[in-house]
Structures are given as C-alpha cells and as structure tokens.
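Working notes for the structure below.
Numbering (my numbering), first residue to last: 3 to 595.
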C-alpha cells in the first residue's frame with residue numbers, strides 16, 4: 003500500500019462515528035476494500051447506493067404534491083445542489099484540517115456545532131428507521147396474501163399473520179432487532195449489492211407494469227402536465243431532499259479512493275448524482291404519469307396485490323429494509339454513545355439504547371400508515387440541515403476565518419512544452435503549461451497553527467512543505483512526477499517546480515456538477531482565466547477578477563444556507579400539522595393500515 007493511502011487511512015479513526023460505518027474488522031484491521039483503495043467506478047457505485055434508498059418509492063408522491071413541471075425542476079435542482087454541497091464538505095475538510103463531519107462542525111462552531119450536527123444525524127437516522135418499518139408494513143403483507151391466499155384479510159382465522167401490525171412487529175422484533183444488537187456491522191454493510199438490485203427492480207417494475215394497470219386504478223391523464231402546486235411545494239422538496247442525502251458518507255467515500263484527490267472525487271460525485279437523478283426522475287415520472295392524483299406515498303401501494311412482478315419488487319425491497327434498518331440503528335446508537343456516553347460504555351447501556359431505539363421506532367411506524375409524512379418530516383427536519391445548511395455555513399465560517407491566510411499550491415510544468423489534453427493550462431516563461439494542486443493551510447504566522455493534517459495534506463505523498471515523489475516509481479527530487487495528483491493519470495507528464503501561495507478568499511467551487519476547484523485569477527498565466535484541465539492555478543489578488551454571484555462560492559453558500567433554513571422551517575410546520583391533524587394516520591396518502 004502506498005505511503006499516501008497509508009497516511010489517509012491512519013487519519014480516519016473518527017470517520018466511523020460520523021458515518022455509521024465500521025472501518026475496522028474484529029481484529030482491528032482495516033477491511034480489504036479500504037486497504038486496496040477504490041477506483042472511480044467503485045466509489046461511484048458506493049455513493050449511488052448511498053443515495054438510492056427508501057426515499058425512492060416516495061418520489062412519485064412528491065411530484066403529485068408539487069406538480070409535474072415543478073417536480074422535475076426541483077428534482078434536477080436538488081441533484082445539482084447535492085453535487086455541489088458534497089464537494090463543499092470535502093473542501094471544508096481541507097480548510098479546517100478535520101476529517102469527519104462532526105469534527106468540521108465542532109471546529110467551526112464549538113460544542114454547539116457538534117451538538118447540532120449530532121442531533122440532526124440522529125434525527126435523520128431515526129427517521130430512516132421509522133420509514134423502513136413503514137416500508138416493511140407496506141410490502142411484506144401484500145406478498146404473504148398473494149402467496150398464501152388463506153392469509154388474505156377475512157379469509158380465515160389466520161389472516162392476522164399477514165396484517166400490517168403483525169408483520170411490522172414480527173419482522174422488527176425477530177429480525178431487525180437481533181441484527182441491531184451487533185456492534186460490528188461490517189457484514190451488514192456488504193448488503194449494498196442487494197440494495198442496488200432492489201432499487202433497479204423497483205424502478206423497472208414501475209416503468210414496465212405501470213402502463214399495464216387497469217383504467218380504474220389509474221388517475222386522470224389530463225393532470226399529467228400540471229405546472230406547480232405552491233401549497234405543497236416545500237413538502238415535495240423535503241421528500242426529494244431525503245432521497246438525495248448521502249453527505250454523512252462523503253468523507254468516507256473520498257478516503258476510500260486509491261489516490262484521493264478533489265479531481266477524482268468531483269468525477270465520483272458528478273457520476274453518482276447523475277445516476278441517482280436519472281433513476282429518481284424515471285421513477286417519479288413513470289409513477290406519477292400512471293396514477294396521477296391517485297399516487298400514494300409509497301408508489302408500490304398503488305399496484306394490486308396479485309401482480310407477480312410487483313410482489314417480487316416488494317419482497318426485494320422489504321428484505322433490503324431488514325438489513326438497512328440495523329445500519330440506521332447503528333448510526334443512532336453511535337451518536338448517542340459518542341455525544342452523551344463517551345466514557346460510559348457498558349454492554350448493558352448498549353442493550354438499553356438499542357432496545358429503546360428499535361421499539362420506539364416500531365411504535366411510531368404502527369401509529370402512521372403514511373410513508374410520505376415520515377419522509378416529509380425527516381427530510382424537512384434533518385436532510386435539509388445535513389445537506390444544505392451545515393456545509394454552507396461551515397464554508398462561510400472557514401472563509402471568514404481564512405481572510406488574510408493562504409493555502410500552499412504545488413506548481414508543476416507539463417513536459418514537452420504543450421498544454422496537452424487540458425487545453426487551457428497556465429503558461430510559464432518557456433511556454434510549457436503550468437498547473438498545480440492545493441496543499442494544506444499554511445502553518446506560518448499568517449496561517450493556522452496546530453490544526454493537524456487535513457485530507458489535503460495527504461494528497462501529495464510526502465505531505466506539506468516537502469518535495470513530492472512518484473507514488474508508482476519511487477523517484478524523488480525536484481523533477482519528480484506527482485502521479486495521482488493530476489487528472490486522468492497524467493502524472494508522468496508533469497514536473498514539480500515549487501510552491502506558491504493562494505489566498506483563501508480567491509478560492510472558488512463552481513455550482514456546475516463535477517467542476518473542479520478554481521481561483522479567481524491566474525497569476526501564472528498573466529491574469530488569464532483559471533486552468534481548464536481540472537487543476538487550479540494561483541492567484542495574486544482577489545480584486546483582479548470580477549465574478550458574477552452565481553459563480554462565486556460565498557454568495558452561493560449564503561443562498562444555499564437560506565434555502566435550507568426556509569425549507570426546514572416550513573416543511574416541519576407542515577408535516578407536524580398533518581401529523582397532529584390525523585392526515586398521516588389514515589390511508590389517504592399512502593397507507594394500508
């Protein structure tokens with residue numbers, strides 16, 4: 003394993019607590035997938051699996067709530083914003099020198115920040131537990147009634163075995179609860195392949211079986227192209243936000259890359275959010291266009307019980323919930339143990355916390371039949387905070403603290419004197435394209451002292467303020483190749499030339515999906531535009547370039563935080579109102595109680 007990989011992995015002791023994933027085996031060793039490192043394809047698959055979850059079956063309902071045109075616009079917009087805020091979290095990690103979401107918030111806002119992110123992570127995971135129980139009650143009873151007709155409601159004295167209450171209680175107590183008691187969930191985390199298959203199966207089922215449904219089950223075709231429903235627009239945003247949140251896993255996925263860099267991670271983020279957006283859009287449009295105003299909070303409830311293909315999808319989705327539920331319980335328990343009982347762990351406490359979480363979520367799921375309400379409340383309360391508010395306010399805080407401070411930038415020159423495939427690198431005096439990769443915050447008098455190494459420190463094999471060397475070939479010295487720090491495996495095309503400083507105020511993260519970090523101006527190129535080959539160039543003055551607000555990170559962060567706060571406030575009020583007025587307890591929006 004390369005020096006770079008080793009340094010990154012040794013610095014990840016706290017990531018497990020932030021993400022709910024165990025990073026070590028029972029022997030205390032790192033799992034093989036972390037040791038060998040993931041490529042862009044593997045990391046993209048992991049992130050796509052992290053995004054596609056229980057929220058997918060509620061997307062057609064969100065389109066019904068918002069209107070077709072507004073639903074598509076909101077879904078694509080949230081996908082783009084998710085792409086940006088995921089990359090913003092990694093940037094915040096580099097600027098703060100912290101390696102977990104909780105540590106970043108604590109660095110920026112002290113104990114109140116740590117408490118806030120812990121609370122919202124707990125709320126998001128607990129809401130997921132409740133949603134998974136509701137999904138089990140919406141799927142497994144239909145399958146049992148179809149396979150065993152004698153268990154259909156009113157068919158025999160054994161019909162209770164296929165009732166929603168019995169199925170949720172039995173599955174939670176006999177399957178999910180014992181699995182939730184494990185402290186090492188490494189084997190459960192391997193269920194991502196099953197999760198992906200079930201997601202593909204559900205989307206395919208809705209797209210294929212929807213048009214074949216009888217007319218009495220379908221809605222009014224004239225409502226397909228509704229424009230916008232302002233009264234329920236925020237509720238729709240909450241459901242979509244719940245579906246896209248994977249931010250608590252972003253740092254783990256970044257570190258899992260074989261050669262972690264912002265360039266590679268930008269590709270991973272772009273590809274995974276694009277895949278998720280395509281799948282969720284297909285699911286939303288296919289489901290809504292089939293059932294229109296009859297669309298339920300769980301789209302699978304719109305299909306008849308005797309449809310074989312739909313029942314297979316229900317079974318796969320329900321089984322997926324059995325293994326996903328313990329993962330969310332693990333996150334909840336880890337947050338409680340880490341924040342409230344950090345030095346008081348005992349097996350008894352472990353059992354008490356697990357039992358309380360599992361059975362309280364079971365009770366909540368029995369009190370509501372509407373998955374839509376659960377997704378709205380969880381999405382509005384916690385997803386918007388984790389995905390939009392916290393990343394934005396952390397960047398604003400770090401940018402303010404970074405005024406007058408600098409990042410170190412390793413500068414390289416492309417061999418052969420040409421700009422190569424980048425097509426826009428900065429030019430040195432000899433005409434060779436020059437480019438670079440960010441180094442960590444300066445530790446000089448003008449920088450930040452005592453912050454420790456950030457993930458950025460480890461992008462170059464030997465860390466900050468040292469001569470880089472080749473990861474693959476072991477060369478060292480001033481002309482060494484910096485393989486892995488340049489895009490598309492072009493490390494051997496560059497020669498190291500030294501370091502330059504860049505003002506933090508000049509750093510920009512464009513909103514465009516997959517866009518690399520850039521600077522406001524390019525002193526290396528004589529004030530020209532920033533490099534277009536995936537690597538930033540240095541800047542001499544932030545005032546030398548004028549950017550529109552939609553291309554500057556600070557204004558975007560302000561708007562992102564304001565958007566998340568507004569959605570959080572309105573959606574929580576709406577969801578609680580529906581819950582307390584009984585709208586979420588009947589079967590009007592998505593339940594079969």
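Just so it is clear, CB atoms sit at the ideal spot from N, CA and C, and this is done for glycine as well.
Note that the structure is a prediction, hence the values are computed from the model and not measured.
Notebook entry, point to check: At which residues does the alpha helix (DSSP H) containing residue 256 begin and terminate?
Noted result: As a first step, residue 256 must be located in the chain shown, where it is residue number 254. Start and end: 252-258.
Note to self: So, under 8 Å CB-CB, residue 511 and residue 89 are touching, yes? Tell me the CB distance rounded to an integer number of Å.
What the structure shows: For this step, residue 511 is matched to residue 509 along the chain shown. For this step, residue 89 is matched to residue 87 along the chain shown. With 8 Å as the limit, residue 511 and residue 89 qualify as a contact, their Cβ atoms being about 6 Å apart.
Check: Taking Cβ to Cβ, would you say residue 293 is nearer than 7 Å to residue 304?
Finding: To locate residue 293, count along the chain shown from 1; it is residue 291. To locate residue 304, count along the chain shown from 1; it is residue 302. Cβ atoms of residue 293 and residue 304: closer than 7 Å.
Next item on the list: Out of 279, 153, 42, 128, point me to the one whose CA is closest to residue 58's CA.
Entry: Working through the chain shown from its first residue, we reach residue 58 at position 56. Of 279, 153, 42, 128, the residue nearest in Cα terms is 279.
Check: Taking Cβ positions only, does residue 150 come closer than 7 Å to chain D?
Finding: This model lacks chain D altogether, as it is built from one protein chain only.
Notebook entry, point to check: Taking buried to mean at least 16 other C-beta atoms within 10 Å of its own C-beta, is residue 308 buried or exposed?
Noted result: For the purposes of this step, residue 308 is taken as residue 306 along the chain shown, with counting starting at 1. Residue 308 comes out exposed.
Next item on the list: Grab me the residues of residue 203's own chain with a C-beta within less than 6 Å of its C-beta, minus the 5 sequence neighbours each way, in chain order.
Entry: What you label residue 203 is simply residue 201 of the chain shown in a count that begins at 1. Contacts found: 315, 318.
Notebook entry, point to check: Tell me which same chain residues have a C-beta within less than 8 Å of the C-beta of residue 570, skipping the five on either side of it?
Noted result: Indexing the chain shown from 1 puts residue 570 at position 568. Counting only Cβ-Cβ distances below 8 Å, and skipping sequence neighbours, we find 382, 383, 386, 387, 391.
Notebook entry, point to check: Can you tell which of 122, 100, 54 has the C-alpha that lies nearest to the C-alpha of residue 389?
Noted result: Sequence index remark: in the chain shown, residue 389 carries index 387 (1-based). For the residues 122, 100, 54, the minimum Cα distance to residue 389 belongs to 122.
Next item on the list: State yes or no: is the C-beta of residue 45 within less than 7 Å of the C-beta of residue 258?
Entry: As a first step, residue 45 must be located in the chain shown, where it is residue number 43. As a first step, residue 258 must be located in the chain shown, where it is residue number 256. Yes; because the gap between Cβ atoms is below 7 Å, this pair is in contact.
Item checked: Contact under 7 Å by Cβ, residue 116 with residue 290 -> Here the question's residue 116 lines up with position 114 in the chain shown. Here the question's residue 290 lines up with position 288 in the chain shown. Not in contact: residue 116 and residue 290 (Cβ atoms no closer than 7 Å).
Next item on the list: Sort 573, 62, 140, 110 by Cα distance to residue 296 and report the nearest one.
Entry: Along the chain shown, one-based indexing puts residue 296 at 294. Residue 296 has its Cα closest to that of 62, out of 573, 62, 140, 110.
Next item on the list: Specify, as a first and last residue, the run of the alpha helix (DSSP H) that residue 318 falls within.
Entry: If you number the chain shown from 1, residue 318 lands on position 316. 310-341 is the span of the alpha helix (DSSP H), which, as asked, contains residue 318.
Checklist line | Run of the alpha helix (DSSP H) containing residue 123, from where it starts to where it stops | finding: In the chain shown, residue 123 corresponds to position 121, counting from 1. Residue 123 -> alpha helix (DSSP H) spans 103-149.
Check: Can you tell which of 558, 141, 565, 376 has its C-alpha closest to the C-alpha of residue 313?
Finding: Against the chain shown, residue 313 aligns to sequence position 311. Considering only alpha carbons, the answer is 141.
Next item on the list: Quick one: using the 10 Å Cβ neighbour count with 16 as the cut-off for buried, is residue 156 buried or exposed?
Entry: Against the chain shown, residue 156 aligns to sequence position 154. With fewer than 16 other Cβ atoms within 10 Å, it is exposed.
Note to self: What would DSSP say about residue 1, mapped onto helix, strand or coil?
What the structure shows: Nothing in the structure corresponds to residue 1, since the chain is present only between 3 and 595.
Notebook entry, point to check: Is the closest heavy atom of the ligand MG to the C-beta of residue 111 under 6 Å?
Noted result: For the ligand MG, the structure offers nothing, since it holds no ligand at all.
Notebook entry, point to check: What number of angstroms, rounded off, separates the C-alpha of residue 284 from the C-alpha of residue 69?
Noted result: Your numbering for residue 284 matches position 282 in the chain shown. Your numbering for residue 69 matches position 67 in the chain shown. Straight-line Cα distance between these residues: approximately 16 Å.
Notebook entry, point to check: By DSSP, does residue 231 sit in helix, in strand, or in coil?
Noted result: Here residue 231 refers to the residue found at position 229 of the chain shown. Residue 231: coil per DSSP, three-state reduction.
Check: Between residue 127 and residue 241, what straight-line distance do the alpha-carbon atoms span, to the nearest angstrom?
Finding: The count along the chain shown starts at 1 and reaches residue 127 at position 125. The count along the chain shown starts at 1 and reaches residue 241 at position 239. So the two alpha carbons sit approximately 15 Å from each other.
Check: What is the DSSP secondary structure of residue 160, counted as helix, strand or coil?
Finding: Here the question's residue 160 lines up with position 158 in the chain shown. Note: residue 160 maps to coil in three-state DSSP.
Checklist line | Bounding residues of the alpha helix (DSSP H) (the contiguous stretch that carries residue 73) | finding: Position 71 of the chain shown, counted from the first residue, corresponds to residue 73. First-last of the alpha helix (DSSP H) with residue 73: 70-98.
Note to self: Could you tell me the alpha carbon to alpha carbon distance between residue 217 and residue 173, rounded to whole angstroms?
What the structure shows: Within the chain shown, the letter at position 215 stands for residue 217. Within the chain shown, the letter at position 171 stands for residue 173. The alpha-carbon atoms of residue 217 and residue 173 are separated by roughly 35 Å.
Next item on the list: Return the residue from the list 208, 346, 199 that minimises the CA-CA distance to residue 286.
Entry: Along the chain shown, read from residue 1 onward, the residue named residue 286 stands at position 284. With distances taken between Cα atoms, residue 286 lies closest to 208.
Margin query: I'd like to check one pair, residue 348 with residue 335: are the Cβ atoms closer than 7 Å?
Written below: Looking up residue 335 in the chain shown gives position 333. Looking up residue 348 in the chain shown gives position 346. Contact flag unset, no.
Item checked: Supposed close pair residue 236, residue 72 - CB separation, criterion 8 Å -> Mapped onto the chain shown, residue 236 falls at position 234. Mapped onto the chain shown, residue 72 falls at position 70. Contact flag wrong, Cβ pair sits at about 11 Å.
Notebook entry, point to check: Just how far apart, CA to CA, sit residue 41 and residue 271?
Noted result: For the purposes of this step, residue 41 is taken as residue 39 along the chain shown, with counting starting at 1. For the purposes of this step, residue 271 is taken as residue 269 along the chain shown, with counting starting at 1. One C-alpha to the other measures close to 13 Å.
Next item on the list: Report the option in 56, 83, 132 whose CA atom is closest to the CA atom of residue 560.
Entry: As a working note, residue 560 is residue 558 in the chain shown. Here the closest residue by C-alpha is 83.
Item checked: C-beta contact flag for residue 60 and residue 377 at 7 Å -> Taking the chain shown and counting its residues from 1, the one referred to as residue 60 is at position 58. Taking the chain shown and counting its residues from 1, the one referred to as residue 377 is at position 375. Closer than 7 Å, so yes.
Checklist line | residue 249 versus residue 150 - alpha carbon distance | finding: For the purposes of this step, residue 249 is taken as residue 247 along the chain shown, with counting starting at 1. For the purposes of this step, residue 150 is taken as residue 148 along the chain shown, with counting starting at 1. When rounded, the distance between both Cα atoms is 42 Å.
Check: Using the rule of at least 16 other Cβ atoms within 10 Å of the residue's Cβ for burial, across every protein chain shown, is residue 576 buried or exposed?
Finding: Position 574 of the chain shown holds residue 576. It is buried - the Cβ of residue 576 has at least 16 other Cβ atoms within 10 Å.
Notebook entry, point to check: In three-state DSSP terms, what is residue 218?
Noted result: Numbered from its first residue, the chain shown carries residue 218 at position 216. Correct three-state label for residue 218: coil.
Next item on the list: Helix, strand or coil for residue 279, going by three-state DSSP, please let me know.
Entry: As a position in the chain shown, residue 279 is number 277, starting the count at 1. Looking at residue 279 - three-state DSSP - the assignment turns out to be helix.
Notebook entry, point to check: For residue 86, does the count of other Cβ atoms within 10 angstroms reach 16, so buried, or fall short, so exposed?
Noted result: Here residue 86 is taken as the residue at index 84 of the chain shown, counted from 1. With 16 or more Cβ atoms within 10 Å of its Cβ, residue 86 is classed as buried.
Checklist line | For residue 575, three-class secondary structure by DSSP | finding: Sequence index remark: in the chain shown, residue 575 carries index 573 (1-based). Of the three classes helix, strand and coil, the one that applies to residue 575 here is helix, per DSSP.
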